[in-house]
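Novice: Under numbering that gives the first Met the number 0, the first residue of the sequence shown carries the number 0, and numbering increases by one thereafter.
Heads up, the beta-carbon is just placed ideally off N, CA and C, and yes, glycines get one too.
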Amino acid sequence: MGLQIDIGAIVANWKALAAQAPGARAAAVVKADAYGLGAPRVARALYDAGARDFFVALAGEGRALRPHLPEDAAICVLSGHMEGEDLAGLVPVLNSAEQFFRDRTMRRGKPFAIQLDSGMNRLGMEAAEWAAIRAEALAADRGAGPRFIMSHLACADEPDDPANAAQLAAFRAMTEGCAVPRSLAATGGILLGPDYHFDLVRPGVGLYGGLPFAGARQVVRLSLPVIQTREVRPGEFVGYGASWSAESPRRIATVAAGYADGIPRALSSSGVCLYADGLACPVVGRVSMDLITADVTGLASVPAALDLICPEQPIDRLAGFAGTIGYEVLTSLGQRYERTYL
Ligand SMILES: *Cc1c(COP(=O)(O)O)cnc(C)c1O
Numbered sequence: 000m001g002l003q004i005d006i007g008a009i010v011a012n013w014k015a016l017a018a019q020a021p022g023a024r025a026a027a028v029v030k031a032d033a034y035g036l037g038a039p040r041v042a043r044a045l046y047d048a049g050a051r052d053f054f055v056a057l058a059g060e061g062r063a064l065r066p067h068l069p070e071d072a073a074i075c076v077l078s079g080h081m082e083g084e085d086l087a088g089l090v091p092v093l094n095s096a097e098q099f100f101r102d103r104t105m106r107r108g109k110p111f112a113i114q115l116d117s118g119m120n121r122l123g124m125e126a127a128e129w130a131a132i133r134a135e136a137l138a139a140d141r142g143a144g145p146r147f148i149m150s151h152l153a154c155a156d157e158p159d160d161p162a163n164a165a166q167l168a169a170f171r172a173m174t175e176g177c178a179v180p181r182s183l184a185a186t187g188g189i190l191l192g193p194d195y196h197f198d199l200v201r202p203g204v205g206l207y208g209g210l211p212f213a214g215a216r217q218v219v220r221l222s223l224p225v226i227q228t229r230e231v232r233p234g235e236f237v238g239y240g241a242s243w244s245a246e247s248p249r250r251i252a253t254v255a256a257g258y259a260d261g262i263p264r265a266l267s268s269s270g271v272c273l274y275a276d277g278l279a280c281p282v283v284g285r286v287s288m289d290l291i292t293a294d295v296t297g298l299a300s301v302p303a304a305l306d307l308i309c310p311e312q313p314i315d316r317l318a319g320f321a322g323t324i325g326y327e328v329l330t331s332l333g334q335r336y337e338r339t340y341l
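(1) Check whether the segment 48 to 65 touches the segment 74 to 81, counting contact only when three or more Cβ pairs, one atom from each stretch, lie closer than 8 Å.
(2) Can you tell me the Cα-Cα spacing of S268 and H67, whole angstroms?
(3) If I'm right that G333 touches A259 with Cβ under 8 Å, what's the distance once you round it to whole angstroms?
(4) What residue range is occupied by the uninterrupted beta strand (DSSP E) comprising Q334?
(5) Answer yes if the segment 276 to 288 comes into contact with the segment 218 to 225, meaning at least three C-beta pairs across the two stretches below 8 Å, and no otherwise.
(6) Along the chain, where does the alpha helix (DSSP H) that runs through L190 open and close?
(7) Cβ-heavy atom distance between F54 and ligand 1 below 7 Å?
(8) Would you mind sorting I226 into buried or exposed? The rule is 16 or more other CB atoms within 10 Å of its CB.
(9) So, with DSSP's three-state summary, where would you put D52?
(10) Can the beta-carbon of A23 be found closer than 8 Å to that of W13?
(11) Kindly indicate which three-state DSSP category L86 falls into: helix, strand or coil?
(12) So, for S247: in the same chain, excluding its five sequence neighbours on each side, which residues have a beta-carbon less than 6 Å away from its beta-carbon?
(13) If we count Cβ pairs, one from each stretch, closer than 8 Å, do we get three or more for the segment 169 to 188 versus the segment 125 to 140?
(14) Taking only the alpha-carbon atoms, compute the straight-line gap between D102 and E82 and give it to the nearest angstrom.
(15) Excluding the 5 residues flanking C309 on each side, which residues of the same chain have their C-beta closer than 6 Å to its C-beta?
(16) Taking the Cβ atom as the reference point for each residue, do I262 and V231 lie within a distance shorter than 8 Å?
(17) Look up G35 in the DSSP assignment and say whether it is helix, strand or coil.
(18) Nearest-angstrom Cα distance between W129 and L278?
(19) Taking C-alpha atoms, which residue in S150, D198, V283 and V204 lies nearest to G240?
(20) Based on the DSSP secondary-structure assignment, which residues constitute the bridge partners of G149?
(21) Enumerate in chain order the residues of its own chain whose CB-to-CB distance from A38 is below 6 Å, with the five nearest sequence positions on each side excluded.
(22) Need the endpoints of the alpha helix (DSSP H) that D315 sits in, please.
(23) Is the separation between the beta-carbon of L317 and that of V328 shorter than 8 Å?
(24) Under DSSP, the alpha helix (DSSP H) around A11 begins and ends at which residues?
(25) Could you give the residue range of the alpha helix (DSSP H) that holds E60?
(26) Mind checking who F99 pairs with in its DSSP beta bridge?
(27) Pick helix, strand or coil for G240, following the three-state DSSP scheme.
(28) Based on the DSSP secondary-structure assignment, which residues constitute the bridge partners of E230?
(29) Taking 8 Å as the cut-off, decide whether the C-beta atoms of T186 and G208 are in contact.
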């Protein structure tokens, strides 16, 4: 019952992705509470498996994670150095000259990394901005230069997209001659092959069983307790808006989860199913805040819980029914589920 998180599968996925980029160090991206699965536990398990570089989005996430990891683990903050932020024990990834110069003591022995924009136009220094501070950043008070220089790919999940090669060329041009480790690939970039690996790879979603890492082991099972079952006669409706009605006698089960738990309301009438030991039970009627209804007529007996995320319906398949992506399904997983770690 509840949300089962297979830590062993996360570790296996990390090792499998690391093995695809044997020339690079493998970091672990644990932003957004490790994509909803619990950053302290995930990061600690990956540390024990050998990971020493971790990425979060915000300094606050880094501060929350810091006590859970030994000192030799680097926690890198992708948003960089924001005004007034306490970065003790963290490695800001500086995204602009403004961030680089924000705190002039930054470069006096304090760790930092640099992010360059290679074409995505979201975060990172533009070529001209980088050229203007490059010498100073690399010299950065003699010996305490950037830990690494990174950029991020916009289309790595589409291997044939010409943006990949264009970003690779731009990143190479901007970093040529820098005697500093380089990092370009997230999960998708790792799968694009060795040209994209450089010195440090940054897998996120693939660790958690999501596409584009099609070979990932599944990490999450979400089992929702059945509160009640009822028989519905032909012509009776189910749920808000009376959007579904029975054409024949049906048995309906009501389970305890809804859009307040991060299950998209857009799943209503989408073809999505709940599963009873692998048997599909179509969701009928609207997803409401705390409840979902499913047609369990085909089951010989109704189990105590029905699965929404399971081997028959992994996160990306579920996401497809809602018109979204596995990343959003994971990071929306609600706080009301009881989480158990395998
Ligand atoms: C989120 C993120 C990652 C991880 O991406 P995945 O696609 O989840 O592997 C890596 N690098 C940066 C800059 C990110 O924002």
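Specialist: Quick answer:
(1) Segments in contact, yes.
(2) Approximately 43 Å, taken between the alpha carbons.
(3) About 7 Å separates the two Cβ atoms, so the contact holds.
(4) For Q334, there is no enclosing beta strand (DSSP E), as DSSP marks it with neither H nor E.
(5) The answer is no - the segment 276 to 288 does not touch the segment 218 to 225, with fewer than three Cβ pairs under 8 Å.
(6) Residues T186 to L191.
(7) Yes; taking the cut-off as 7 Å, the Cβ of F54 has a heavy atom of ligand 1 nearer than that.
(8) Answer is exposed; the Cβ neighbour count stays below 16.
(9) The answer is strand: DSSP assigns D52 an E or B state.
(10) It is not a contact, given that the beta carbons lie outside the stated cut-off.
(11) If DSSP states are grouped into helix, strand and coil, L86 belongs with coil.
(12) Taking S247 as the centre and dropping the five residues before and after it, the same chain places the C-beta of P233 closer than 6 Å to its C-beta, in chain order.
(13) Flag = yes, the segment 169 to 188 and the segment 125 to 140 touch.
(14) Approximately 9 Å between the Cα atoms of the pair.
(15) Correct list, in chain order: R220 and Y274.
(16) Against a cut-off of 8 Å, the Cβ pair of V231 and I262 comes out as no contact.
(17) Note: G35 maps to coil in three-state DSSP.
(18) Using only the alpha carbons, I get a separation of about 56 Å.
(19) With distances taken between Cα atoms, G240 lies closest to V283.
(20) Residue 149 is actually Met in this sequence, not Gly. Answer by DSSP bridge pairing, in chain order: Q114 and S182.
(21) Excluding sequence neighbours, A38 sits near V29, D32 and L64.
(22) Here the alpha helix (DSSP H) through D315 covers I314 to F320.
(23) For L317 and V328, yes; Cβs fall inside 8 Å.
(24) Counting along the chain, the alpha helix (DSSP H) containing A11 begins and ends at I6 to Q19.
(25) Residues A58 to L64.
(26) Per the DSSP secondary-structure output, F99 pairs with nothing in a beta bridge.
(27) In the structure shown, G240 sits in a helix (DSSP, three-state: H, G or I).
(28) DSSP output for E230 lists R250 as bridge partner(s).
(29) For T186 and G208, no; Cβs fall outside 8 Å.
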